[in-house]
Structure formats: C-alpha cells, structure tokens
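Going by this note's numbering, the sequence shown opens with residue 105, and the numbers climb by one from there.
Built from N, CA and C at the ideal position, the CB exists for glycine as well.
Nothing here was measured: the structure is a model prediction, and the numbers come from that model.
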Amino acid sequence: MFDNEFGSMNVTIRVLENDLLSQSTYDRMLAAESFEDALSILRETTYRDEVEKVLRTHNYDEMITEELEGTYRRLFQLSPVTEIVELATLKYTYQNIKVLIKELISDQDYPELYFDIGRYDITELRQAVSLGKSDVLPQAYLDTINHAKLDYSEFNNVHQVEVLIDRHYFEHLKQLALEIGDPKIIEIVDMQIDFKNISTLIRAKYQNRTPNFLRSILSDAGSLEVEKLIKLGVGDARTLIQSLSETKYKDVLNESLITGGIGISSIKFDYYTDNAMMRKMQDAKLKAFGPLPMLSFIYAKETEARNLRLVLSAKENHIDEEETKGRMRLNYVS
Numbered sequence: 105m106f107d108n109e110f111g112s113m114n115v116t117i118r119v120l121e122n123d124l125l126s127q128s129t130y131d132r133m134l135a136a137e138s139f140e141d142a143l144s145i146l147r148e149t150t151y152r153d154e155v156e157k158v159l160r161t162h163n164y165d166e167m168i169t170e171e172l173e174g175t176y177r178r179l180f181q182l183s184p185v186t187e188i189v190e191l192a193t194l195k196y197t198y199q200n201i202k203v204l205i206k207e208l209i210s211d212q213d214y215p216e217l218y219f220d221i222g223r224y225d226i227t228e229l230r231q232a233v234s235l236g237k238s239d240v241l242p243q244a245y246l247d248t249i250n251h252a253k254l255d256y257s258e259f260n261n262v263h264q265v266e267v268l269i270d271r272h273y274f275e276h277l278k279q280l281a282l283e284i285g286d287p288k289i290i291e292i293v294d295m296q297i298d299f300k301n302i303s304t305l306i307r308a309k310y311q312n313r314t315p316n317f318l319r320s321i322l323s324d325a326g327s328l329e330v331e332k333l334i335k336l337g338v339g340d341a342r343t344l345i346q347s348l349s350e351t352k353y354k355d356v357l358n359e360s361l362i363t364g365g366i367g368i369s370s371i372k373f374d375y376y377t378d379n380a381m382m383r384k385m386q387d388a389k390l391k392a393f394g395p396l397p398m399l400s401f402i403y404a405k406e407t408e409a410r411n412l413r414l415v416l417s418a419k420e421n422h423i424d425e426e427e428t429k430g431r432m433r434l435n436y437v438s
C-alpha cells in the first residue's frame, strides 16, 4: 500500500539501524569493572556526546530520554506518513494527557512528568484540557479529554480517570492502525492490545477481581473477545491456562507457566510478550518496501532505551551480571 512512499525512507532506516546498540556492546558494559567504565563504552556509540555529562551527574535517564526524543523528531520530519510515527508515540501523548488532567484536578504543576514526544506538543494538549476543544487536535484526543473530565466531575476518582484514559488510548491506537490501513500494522496493534489484556487478566485473576472490575480495565479493541476473557478471569486457573493455550499466543503462555504448569507468572508473561513482539519486528525489518521497517526500527529504539537503563542501573547498583542479562529484552541486532 505504501511501497512507493517509503522507498527512500527505508534506505534512511537502514542507516539509522547501524547506530543501534549491539549485544556485544551491552556485554562489554556488563563486564566492565564499574559504572564509569561501563558508561565510557558509550563513547563509541550515538550516545557519545552525553557521556561526560552523565559521568558528572549520573543522570543517564535524561540522556536516554533525549536520544528517544531526537529520534522521534527526526522520524516525524522524514516519514511520508506521519500517522505511523504518531501510532508509536501515542502512549507518550496519552501519558501527557494524564499528567495535564492531574494538574487540572490538583491545581498543581508536574512539568517533570511530561514527555517531549508526540505529534502534538504540551501547549496544544494543555489548551485542549483547559478548554475542552482545539483547532489542532483530532476528535479522538478531545473525546478522551472531555470524557476524563466528565468522569472526574461525576465520581471524583483519579484512579478511575486514569483507567478510562488507558482504555481510550487502546481504542485510539486501533483507530489509527485502521486508518493507516496496513494489515501487518493492524496485526501488530492487535498483538499489543491482546498482550496487555492477558497480562491484566493474569494479575486480576490472582487478586480475585470481580467481573465488573475486569470489564472496566480490559480493552475491546484487540482481537480477543473481552467477555470471554472476563469469564476466564473469574474461573479457575486451570481453565484460564487451557483456554489461553488454545489461542495464537499459546507459545508465550507456555513460556510463562509456573508451579508445574498450573499457574502463570505475570512477570514472565510480560517478559516473553516483549520478546515475541521483538521477533515480530525482526521479521518485519526484512521487508524491502512499505512502513514496517520504520515501525520495527522504532520498536528497536524503544527496547534499546529500556535495556540501556537496565544495564546502567545494574552497574550503578552493583547488580549481578547474569541476573541483569536475564532481565534484558531480546535485542534487535546481534
């Protein structure tokens, strides 16, 4: 569908992929004697200009966030279809909406919680939250904002508002995927939503949550029917495992089983779903045409940010090398 539009863009993506951190770089950092030695290895990478500053401040989170921000700004400028970059950054926009709603409710400012990532900047979002309307934002954003404000005015429950915004996020994510119209992107978004629903279901199951609670937090924007998931969530664990093992996600489920196969670890499930998504992206990057190589690169960059935070935190806090490796997500490049 987008073969012609993404020809030159995919050439750029191949160049950008060369700057992604390799597994050998992570291994060298983990084997380093100290945090400072590990950080110095980044002098050989795209993070080179920030190393001296982080050696002084130890604020590596700022370095990683700024790298992500710069990556997204560049992709918004270069992408022939900005909706695809918007799709990837939507989680940051919705986090900003949460913060702005919280500010409105509490009459306090939380600028340290904003992300400078997304199609619409914080000024445009703040105006929409304040006025309930915008000449810039599409209707889906305004629906989220106004629904959140109305819900708080009726029930005065901040947590409920956050859950509502999360549900709007997944609905908007699916809406964007459908508007883009690429079947593979729709499939990837369905996987994201399904994985989140199953993870939520597993946690809720062991907390003995009610059907109404599950109905309030599960998204119906994925490929799995919510009412069926709710029935599983209030049934016995064996039925839950058996039913989920009959879905297309059975491999991830089987990797997440504990206690002789009669329980599921939500932590293991999240770990293996992240790796399943990465394998999906590694397959997608091989496409010569269309938007999938760019989307795959974005996922790789997000995973890099997560793994780099983990490695630097482990070195700073003297956490065992093998334990850290066991928590790292599958890397995009060898």
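Legend entry - One or two residues paired with residue 368 in a DSSP bridge: Looking at the DSSP assignment, residue 368 forms a beta bridge with 361.
Quick one: what's got a C-beta closer than 8 Å to residue 349's C-beta in the same chain, skipping five residues either side?
-> 357, 358.
Tell me the residue span of the alpha helix (DSSP H) that contains residue 256.
Element bounds for residue 256: 243-259.
Count the other CB atoms, across all protein chains shown, that sit within 10 Å of the CB of residue 160; report buried if there are 16 or more and exposed otherwise. Residue burial is scored here from C-beta neighbours: residue 160 has fewer than 16 other C-beta atoms within 10 angstroms and is therefore classed as exposed.
Check your understanding: Can you give, in chain order, each stretch of the alpha helix (DSSP H) that sits fully within the region 134-188 and has at least 4 residues?
Key -> Runs of the alpha helix (DSSP H) inside the region 134-188: 139-144, 155-161, 164-182.
Does residue 395 come out as helix, strand or coil in the three-state DSSP assignment?
The answer is coil: DSSP assigns residue 395 none of H, G, I, E or B.
Count the other C-beta atoms from every protein chain shown that fall within 10 angstroms of the C-beta of residue 223, then say buried if there are 16 or more, exposed otherwise.
-> Looking at its Cβ environment, which holds 16 or more other Cβ atoms inside 10 Å, residue 223 is buried.
So the candidates are 239, 193, 238, 141; which of them puts its Cα closest to the Cα of residue 277?
With distances taken between Cα atoms, residue 277 lies closest to 193.
request  = State the CB to CB distance for the pair residue 130 and residue 432, rounded to an integer number of angstroms; the pair is presumed to be in contact (CB under 8 Å).
outcome  = With 8 Å as the limit, residue 130 and residue 432 qualify as a contact, their Cβ atoms being about 7 Å apart.
task: Please work out which residues of its chain come closer than 7 Å, Cβ to Cβ, to residue 230, disregarding the five sequence neighbours upstream and downstream, and give them in chain order.
output: Beyond the five residues adjoining it in sequence on each side, residue 230 comes within less than 7 Å, by CB distance, of 204 in the same chain, given in chain order.
Please report the residue range of the alpha helix (DSSP H) in which residue 449 lies.
Past the boundaries of the shown model lies residue 449; the chain is included only from 105 to 438, so the question cannot be answered.
| request: Check whether the region 367-386 touches the region 263-274, counting contact only when three or more Cβ pairs, one atom from each stretch, lie closer than 8 Å. | output: Flag = no, the region 367-386 and the region 263-274 do not touch.
Subject >> Backbone CA spacing between residue 391 and residue 115 [nearest angstrom] >> reply: Each residue's Cα considered, the two are about 12 Å apart.
Do residue 187 and residue 284 have their beta-carbon atoms positioned less than 7 Å apart in this structure? A distance below 7 Å separates the beta carbons of residue 284 and residue 187.
Point to revise | C-beta contact flag for residue 360 and residue 366 at 7 Å | key: It is not a contact, given that the beta carbons lie outside the stated cut-off.
**Asked** From which residue to which residue does the alpha helix (DSSP H) around residue 430 run?
**Response** Bounds of the alpha helix (DSSP H) holding residue 430 are 425-431.
Would you report the Cα separation of residue 125 and residue 149, rounded to the nearest angstrom? Between the alpha carbons of residue 125 and residue 149 lies a distance of about 7 Å.
For residue 208, which residues from the same chain have a beta carbon less than 8 Å from its beta carbon, with the 5 sequence-adjacent residues on both sides left out? Around residue 208, the same chain offers 233, 234, 253 as residues with beta carbons nearer than 8 Å, after the five sequence neighbours per side are excluded.
Q.
Residues in the same chain with beta-carbon distance under 8 Å from residue 307, minus the five sequence neighbours each way, listed in chain order, please.
A. Here the set comprises 370.
*With DSSP run on the structure shown, which of helix, strand or coil describes residue 224?*
The answer is coil: DSSP assigns residue 224 none of H, G, I, E or B.
Please name the residue, chosen from 185, 177, 228, 189, that lies closest to residue 200 on a Cα-to-Cα basis. Nearest option by C-alpha distance: 228.
Pair within 7 Å by beta-carbon distance, residue 396 and residue 404:
No, they are not a contact pair.
Can you tell me the Cα-Cα spacing of residue 244 and residue 280, whole angstroms? Approximately 10 Å between the Cα atoms of the pair.
Mind checking whether residue 221 and residue 413 have CB atoms under 7 Å apart?
-> The answer is no: Cβ separation not under 7 Å.
| query | Considering residue 301, what are the terminal residues of the alpha helix (DSSP H) in which it resides? | reply | Residue 301: member of the alpha helix (DSSP H) spanning 287-310, first to last residue.
> Taking the alpha-carbon positions, what's the residue 333 to residue 305 distance?
Replying inline: A straight line joining the alpha-carbon of residue 333 with that of residue 305 spans about 7 Å.
Roughly how many whole angstroms lie between the Cα atoms of residue 347 and residue 336? Residue 336 has its alpha-carbon roughly 8 Å from the corresponding atom of residue 347.
### Message
Could you compute how far the alpha carbon of residue 109 sits from the alpha carbon of residue 394?
### Response
If you draw a straight line from the Cα of residue 109 to the Cα of residue 394, it is about 7 Å long.
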